[in-house]
Amino acid sequence: MKRTLFLTGAATLVVVAGARPQGFAIAADAPPPAETSLGAWLRMLPDGTVEMYTDKVEMGMGVPTGFAQFVADELDVPLARVRPILGDTATTVAAGGVGGSNSTYRGNAAIRNAAAEMRRILVAAAAKQLDVAPEGLYVREGVVHASPAVSVPYTALLAALLPDPAFPLVGEGFTAAPKVPATPKAWSAYTIVGEPVPRFDVRAKALGTYPYVINVRRPGMLHGRFVMPPAIGATVVAVDDTPLRGIGDARVVRVRDFVGVVASREWDAVRAARAVRVTWSGPSTTLPAQAELAAYMWAQPVVKTDAVKHGDVDANLGSAPLTAAYTWPFQSHANMGPGCTVVDVRADGVTVWSGTQKTHALKAGVADVLGIPSDRVRVAWVSDAGSYGRSGLEESAAAAALLSRATGKPVRVQSMRADNTQWGNKAPAIVARLRGTVSGGNIVAFEATLRQFNGNEIVSHPDVAGSFLAGQMAGFDNPAITYEFGQYGEASGTYAIPHLRSTAELIAPFAPRLSPLRTAHMRDPEGPGTTWVIESFVDELAARAGADAIAFRQKNLSNPRHVDVLAQAAAAAGWDTRPSATRPHANARGERLGRGVAFATRGATIVATVVHVAVDPHTGRVRVERIICAHDCGFIVNPKSLQGTIEANLIQSISRSIYEEVTWNGTGVTSRDWVSYPVAHMADVPDEVTVVMVHRPEVPPAGAGEPSSRPTAAAIGNAVFDALGVRVRNAPLTPANVLAALHAERA
Amino acid sequence: MTKTISLRVDGKRHVVDADPAMPLLYALRDDLALDNPRFGCGLAQCGACTVLLDETAIRSCVYPVGSAEGHAVTTLAGLGTAAQPHPLQTAFADEQAMQCGYCLNGWIMTAADLLHRNPDPTRAQIKDALGDVVCRCGAHVAMIRAVERAAKEMRAS
Numbered sequence: 027m028k029r030t031l032f033l034t035g036a037a038t039l040v041v042v043a044g045a046r047p048q049g050f051a052i053a054a055d056a057p058p059p060a061e062t063s064l065g066a067w068l069r070m071l072p073d074g075t076v077e078m079y080t081d082k083v084e085m086g087m088g089v090p091t092g093f094a095q096f097v098a099d100e101l102d103v104p105l106a107r108v109r110p111i112l113g114d115t116a117t118t119v120a121a122g123g124v125g126g127s128n129s130t131y132r133g134n135a136a137i138r139n140a141a142a143e144m145r146r147i148l149v150a151a152a153a154k155q156l157d158v159a160p161e162g163l164y165v166r167e168g169v170v171h172a173s174p175a176v177s178v179p180y181t182a183l184l185a186a187l188l189p190d191p192a193f194p195l196v197g198e199g200f201t202a203a204p205k206v207p208a209t210p211k212a213w214s215a216y217t218i219v220g221e222p223v224p225r226f227d228v229r230a231k232a233l234g235t236y237p238y239v240i241n242v243r244r245p246g247m248l249h250g251r252f253v254m255p256p257a258i259g260a261t262v263v264a265v266d267d268t269p270l271r272g273i274g275d276a277r278v279v280r281v282r283d284f285v286g287v288v289a290s291r292e293w294d295a296v297r298a299a300r301a302v303r304v305t306w307s308g309p310s311t312t313l314p315a316q317a318e319l320a321a322y323m324w325a326q327p328v329v330k331t332d333a334v335k336h337g338d339v340d341a342n343l344g345s346a347p348l349t350a351a352y353t354w355p356f357q358s359h360a361n362m363g364p365g366c367t368v369v370d371v372r373a374d375g376v377t378v379w380s381g382t383q384k385t386h387a388l389k390a391g392v393a394d395v396l397g398i399p400s401d402r403v404r405v406a407w408v409s410d411a412g413s414y415g416r417s418g419l420e421e422s423a424a425a426a427a428l429l430s431r432a433t434g435k436p437v438r439v440q441s442m443r444a445d446n447t448q449w450g451n452k453a454p455a456i457v458a459r460l461r462g463t464v465s466g467g468n469i470v471a472f473e474a475t476l477r478q479f480n481g482n483e484i485v486s487h488p489d490v491a492g493s494f495l496a497g498q499m500a501g502f503d504n505p506a507i508t509y510e511f512g513q514y515g516e517a518s519g520t521y522a523i524p525h526l527r528s529t530a531e532l533i534a535p536f537a538p539r540l541s542p543l544r545t546a547h548m549r550d551p552e553g554p555g556t557t558w559v560i561e562s563f564v565d566e567l568a569a570r571a572g573a574d575a576i577a578f579r580q581k582n583l584s585n586p587r588h589v590d591v592l593a594q595a596a597a598a599a600g601w602d603t604r605p606s607a608t609r610p611h612a613n614a615r616g617e618r619l620g621r622g623v624a625f626a627t628r629g630a631t632i633v634a635t636v637v638h639v640a641v642d643p644h645t646g647r648v649r650v651e652r653i654i655c656a657h658d659c660g661f662i663v664n665p666k667s668l669q670g671t672i673e674a675n676l677i678q679s680i681s682r683s684i685y686e687e688v689t690w691n692g693t694g695v696t697s698r699d700w701v702s703y704p705v706a707h708m709a710d711v712p713d714e715v716t717v718v719m720v721h722r723p724e725v726p727p728a729g730a731g732e733p734s735s736r737p738t739a740a741a742i743g744n745a746v747f748d749a750l751g752v753r754v755r756n757a758p759l760t761p762a763n764v765l766a767a768l769h770a771e772r773a
Numbered sequence: 035m036t037k038t039i040s041l042r043v044d045g046k047r048h049v050v051d052a053d054p055a056m057p058l059l060y061a062l063r064d065d066l067a068l069d070n071p072r073f074g075c076g077l078a079q080c081g082a083c084t085v086l087l088d089e090t091a092i093r094s095c096v097y098p099v100g101s102a103e104g105h106a107v108t109t110l111a112g113l114g115t116a117a118q119p120h121p122l123q124t125a126f127a128d129e130q131a132m133q134c135g136y137c138l139n140g141w142i143m144t145a146a147d148l149l150h151r152n153p154d155p156t157r158a159q160i161k162d163a164l165g166d167v168v169c170r171c172g173a174h175v176a177m178i179r180a181v182e183r184a185a186k187e188m189r190a191s
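Line order of the protein sequences matches chains A and B. Counted the way the working numbering counts, the first sequence spans residues 27 to 773. Counted the way the working numbering counts, the second sequence spans residues 35 to 191.
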């Protein structure tokens, strides 16, 4: 019998014989239940433990804990009895994994339905046993009561769950849920959902006992590394492994342009990857100078386009519209850990241990790399570093698969820092041109042209071999079958503008393969960049109208919830109502002070962020002194998890706003590490970080993983305008970009 | 030039055969199968690999294993346990001062060094002492709360 490993909510690695532990309807050696069975989502064990199976893995925001709150509440069992089992492709239904702030937003339906149905079945069985009508029963702590004295525990009723009942799935991907006869409780009836219960993962993480994929150690496991090209599109001409002599048992594995090394000891693998002598071809293309990127992008042919329009923009822009051009840089996920995967390729099947957001997709991706059917691959989820989209984390999966196949051993590939920062996927650069007209404090006409590299050049679901760098090295082409734009409205707030035209345009990548500037989803794909453009320009229109930045937005918004979230941000910030850049003031250090706001929606979530900045006019350095974020994602499932998620989003997005910009030269990316790709540190943490969580008990929860990262850059830029009276239109707001804007203004 | 190197880690004695120039991180992770010093950059830029050498936080990804002989090495697991957690571990858990938690080792070990030297740090001193530890998720705000909470707890006990 195959030995398998899976992760439990108690954060212990459990090795069991057989695919699944024994529980209702499942014999110890039974195959995994069909995805249409109730047991595919929830199983109650003889001791009353409720196992909750979900592909919504723990990315550090507390989603599995929130799911467990639903299960406990629907079943009326103590939360401690719910045990999440996360991401394992052998035991969870493929429901899109984690992505797009969808986990709680769309995924709650599956878990609520399953739990409600389990309760319905058990209560019906209790009614029969107690010979009363189900309507007369209530449940306390897993015991079904007809009265305080007449009761039966769920655990005495488990036979009612046999055979494992089947229900059709409705929806697919993120919306997949079992269609069950039961109706979940009303949102207002929940008592555990909505409570700030602790995340299940935090104590083990603090103690150092939480499982991470870097700590997966398998018998006979080899350590692997793979060698990055020296330049974009470079291919292997020759490999000389003689420098590996004397480095333990290190040896080279080559698959076309993939050059990997393996060794029994990790340090030997590190040294071997540095020592192996590879002769490379030259670059496949020459990159434009970084300072010329915007001009390059505007000169490229458009390969895809998308338009949002209504009214008659051309007739209403007038003779002197406000015009502006903005840029947003390439950015790197720069994951805290560079990425690690263990793969064991055997004749009887392939096991992958990965911290990917999307285990089911990775299962298909590894199968594609190996040229085998995906049902021969199992991905067991074990946490890696935070991922923030299709980052560099999964690159090690393709490499480990190639190396395990070549050696017949389990192989652990841990990427190095530069492998991730320099060669991982990137968030696309965006350029934009805008024109707009205001009259009587209203936006009359608004025209945006947003041009970018494909937001989905590397698909968000890692399910094809050519989407991995190592896959491309091994000869797979990237199918690049999907296109993604940052568009007004979808990736920004939506204003009531009578005459609007927004055109989103994609240009081709610099190179079709082996590019360190290939582009993919990064936390809130296109959101921060598009909102930077739109919300900065809306702020320009407010200034043109001589209006206060919050009052102007409220006047031009039609949804009362949108207006209210701005009001809540203003109230919490003690907003100084006046037109921006009309009250010059400075602190004792000579830093100029300003405040700014930006607004965004993402799906059904609404965010307004106010920041106060101090800007040194001599150095151009921007410091965020205060940040206040009002956030409305409907019903709040767990305010403690939500607060942590938003606070972290604010710091990460400050980092992206004032520091982060991938740099390159003619042949490749030069951002390699934390010095050449700086991020925010403790010194950048504002004196005040305030989160206003707007709870809407009547509105089902929307997503919260990404929306609060969206307005930050524009809010900071708008505050810098208030401080200096000068608009910085190139992000990030580095000293160089701030000084350039100041000098341009003086010239 | 492999050498037999004697190490004392989390109160236990170990012997490893390694090049003394090899970074301590690889001895801890690969030879001793310890989980918490983590590879983040290999360049002493991020802190994920931090351990205490006697009472001082060092970055094991660049610290030669040979130089650790004769010192007591402490990892996160050696700082405290589920039964007897270090106040920093309790405070980081209570404040939920982490998202993915990959970096957490660096923060707690560096904070342990700080609180050993300065049991009553100001917020500015906390930010300064933790100024070159990286948290990519951005959990810094909760981390400041956690260190303040742990310091208070340690002074009270």
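All C-beta atoms in this analysis are idealised placements derived from N, C-alpha and C, irrespective of residue type, glycine included. Please read these numbers as outputs of a predicted model, since none were measured by experiment.
Sorry if obvious, but does the Cβ on residue i come closer than 7 Å to a heavy atom of the ligand ATP?
i	result
A301/A	No copy of the ligand ATP appears in this structure; indeed no ligand is present at all.
To the nearest angstrom, how far is the alpha carbon of residue i from that of residue j?
i	j	result
S177/A	A730/A	40 Å
Q513/A	Y352/A	14 Å
V242/A	W379/A	8 Å
D102/A	W213/A	15 Å
A52/B	K37/B	5 Å
S413/A	A749/A	35 Å
V633/A	T385/A	30 Å
A173/B	D374/A	43 Å
V334/A	L759/A	29 Å
D44/B	R443/A	28 Å
A51/A	L148/A	Annotation note: pLDDT 34 at A51/A (below 50); position unreliable, coordinate value reported separately. Roughly 14 Å between the two C-alpha positions.
D162/B	N675/A	22 Å
D401/A	L248/A	25 Å
H769/A	A325/A	26 Å
P90/A	R107/A	14 Å
L77/B	V175/B	25 Å
Got a sec, what are the start and stop residues for the alpha helix (DSSP H) residue i sits in?
i	result
N139/B	138-151
W690/A	Note, W690/A: premise wrong, no alpha helix (DSSP H); not H, not E.
Y131/A	129-156
Among the options, whose alpha-carbon lies nearest the alpha-carbon of residue i?
i	options	result
T115/B	D332/A, Q383/A, A232/A, T75/A	A232/A
E7/A	K205/A, E198/A, M708/A, L248/A	Here chain A comprises residues numbered 27 to 773, so residue 7/A is not present and cannot be evaluated.
Q448/A	T696/A, R146/A, T716/A	T696/A
G397/A	N744/A, A424/A, H171/A, V263/A	A424/A
A91/B	C75/B, M132/B, D64/B, L149/B	L149/B
E724/A	A153/A, D713/A, V754/A, C659/A	C659/A
Residue i and residue j look like a contact to me (Cβ under 8 Å); what is the Cβ gap, rounded to whole Å?
i	j	result
A630/A	S584/A	Between S584/A and A630/A the Cβ distance is about 16 Å, and since that is not below 8 Å, they are no contact.
V559/A	A458/A	4 Å
R461/A	L343/A	6 Å
If the cut is a Cβ gap below 8 Å, which residues of chain A does residue i touch?
i	result
K161/B	M708, A709, V711
Q133/B	M85, G86, M87, G412, G670, T671, A674
Would you kindly report the start and end of the unbroken beta strand (DSSP E) that includes residue i?
i	result
P110/A	108-112
S528/A	525-533
E651/A	648-658
G92/A	Segment 89-101 is the alpha helix (DSSP H) holding G92/A; no beta strand (DSSP E) there.
N664/A	Note, N664/A: premise wrong, no beta strand (DSSP E); not H, not E.
P179/A	177-179
What does residue i touch in chain A if you count any residue whose Cβ is under 7 Å from its own?
i	result
C219/B	Because chain B here runs from 35 to 191, residue 219/B falls outside it and cannot be looked at.
N229/B	Absent from the model: residue 229/B. The displayed extent of chain B is 35 to 191, so no value can be given.
A27/B	The first residue shown for chain B is 35 and the last is 191, placing residue 27/B beyond what the model contains.
Find the residues of chain B that neighbour residue i, judging by a C-beta separation of less than 9 Å, and give them in chain order.
i	result
P224/A	A127, D128, Q130
Please list the partners that residue i has in chain B, where partner means a Cβ-to-Cβ separation under 7 Å.
i	result
E221/A	Within 7 Å Cβ-Cβ: nothing; E221/A doesn't reach chain B, min ~14 Å.
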